[in-house]
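*Asks:*
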Amino acid sequence: MSTDAVFTRLDYPSLHRDEDTAQARDRARAAGHAAGYATGLRAAEDETRRLRARLQAEHEAAQAQLREDFGLAAAALAQAAERVRSLAVPQARQLQEAAAVAALELAEAVLGRELEASDASAQAALLRALDTAEPELIQSVRMHPRDLELLGAAAEGAGVRLVPDAGLSRGDAVAEFPDGYLDATLGSALARARRALLGDGA
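Taking UniProt numbering, the leading residue of the sequence shown gets 1, the next gets one more, and so forth.
1. Taking contact to mean 3 or more Cβ pairs, one atom from each stretch, closer than 8 Å, check whether the region 154-171 and the region 133-141 are in contact.
2. Within 10 angstroms of the Cβ of residue 36, are there 16 or more other Cβ atoms? Answer buried if so, exposed if not.
3. Grouping DSSP H, G and I as helix and E and B as strand, with all else coil, what is residue 36?
4. With 16 as the cutoff for other CB atoms within 10 Å, does residue 180 come out buried or exposed?
5. Just reading off the alpha helix (DSSP H) that residue 156 is part of, what are its end residues?
6. Taking the C-alpha atoms as reference points, what is the distance between residue 29 and residue 63?
7. Does the region 171-188 come close enough to the region 66-74 that 3 or more CB-CB pairs lie under 8 Å?
8. Check residue 192 in the structure and name its three-state DSSP category.
9. Give me the Cα-Cα distance between residue 143 and residue 129, rounded to the nearest whole angstrom.
10. Span of the beta strand (DSSP E) holding residue 182?
11. Nearest by alpha-carbon distance to residue 43: which of 188, 78, 157 is it?
12. Please work out which residues of its chain come closer than 8 Å, Cβ to Cβ, to residue 55, disregarding the five sequence neighbours upstream and downstream, and give them in chain order.
13. Mind checking which residues open and close the beta strand (DSSP E) that includes residue 161?
14. Beta-carbon separation of residue 145 and residue 166 under 8 Å?
15. Take residue 172 as the anchor and find which of 75, 147, 58 has the nearest alpha-carbon.
16. Can the beta-carbon of residue 198 be found less than 8 Å from the beta-carbon of residue 132?
17. Report the rounded CA-to-CA distance for residue 203 versus residue 168, giving the unit in angstroms.
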């Protein structure tokens, strides 16, 4: 057995180096988090743009169909009004009003059928509510619960809080602002048409 002393080198950890490593790791983690957050934001913006474009295209197609249906109703109204004028009887005004009421009821029936036939009315209602000069001020949009169900993923990408409101009819929407609201309901549009045809007392 050897009695020669054996010496080994002792290495002491550098606290300064450990602190530098921890700081570098924290910086890298923060940079990675920021980059991931920015990427997520860009992806969300792209998805929102795609969703709006798709909704706009579907809305325009639905509007074209509604314009065609309203055109047929208006043509029927014009024919009825012309026939009433040709009769030249004392009750001409009452008959014209009756024809206007019938045309409006026909338009309402056509709208009702369109609303039940597809989910295009829900998308059109959402676009009407979002179609304002200052969409960033919209706090929420109230819609019929069934319409919100039909919107599906489109509701999540709308960029505003959507609130179910069973008091609204299918195809209706109301945009809420800090100091008021925008009535985007079909009932209001029909009421304006009724007043235009029948006068303020209608």
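Note that CB positions come from ideal geometry on N, CA and C, so glycine has one too.
*Replies:* Reading from the atomic positions:
1. yes
2. In the sequence shown, the residue the question calls residue 36 occupies position 36. So residue 36 ends up on the exposed side.
3. Numbered from its first residue, the sequence shown carries residue 36 at position 36. DSSP places residue 36 in helix when its eight states are reduced to three.
4. If you number the sequence shown from 1, residue 180 lands on position 180. Exposed, because fewer than 16 other Cβ atoms sit within 10 Å of the Cβ of residue 180.
5. Position 156 of the sequence shown holds residue 156. Note, residue 156: alpha helix (DSSP H), 153-156.
6. For the purposes of this step, residue 29 is taken as the residue at position 29 of the sequence shown. For the purposes of this step, residue 63 is taken as the residue at position 63 of the sequence shown. Taking the straight line joining both Cα atoms gives about 50 Å.
7. no
8. To locate residue 192, count along the sequence shown from 1; it is residue 192. It is helical.
9. Taking the first residue of the sequence shown as 1, we reach residue 143 at position 143. Taking the first residue of the sequence shown as 1, we reach residue 129 at position 129. Spanning the two alpha carbons is a distance of roughly 10 Å.
10. Position 182 of the sequence shown, counting from 1, holds the residue named residue 182. First-last of the beta strand (DSSP E) with residue 182: 180-183.
11. Locating residue 43 in the sequence shown gives position 43, counting from the first residue. Here the closest residue by C-alpha is 157.
12. Here residue 55 is taken as the residue at index 55 of the sequence shown, counted from 1. Only 123, 126, 127, 154 meet the Cβ criterion.
13. Locating residue 161 in the sequence shown gives position 161, where the first residue counts as 1. That run of the beta strand (DSSP E) goes 161-164.
14. For the purposes of this step, residue 145 is taken as the residue at position 145 of the sequence shown. For the purposes of this step, residue 166 is taken as the residue at position 166 of the sequence shown. Closer than 8 Å, so yes.
15. Position 172 of the sequence shown, counted from the start, is the residue given in the question as residue 172. It is 147 whose Cα lies nearest to the Cα of residue 172.
16. Sequence index remark: in the sequence shown, residue 198 carries index 198 (1-based). Sequence index remark: in the sequence shown, residue 132 carries index 132 (1-based). Not a contact, by the Cβ cut-off of 8 Å.
17. With the chain covering 1 to 202 only, the question about residue 203 has no answer from this structure.
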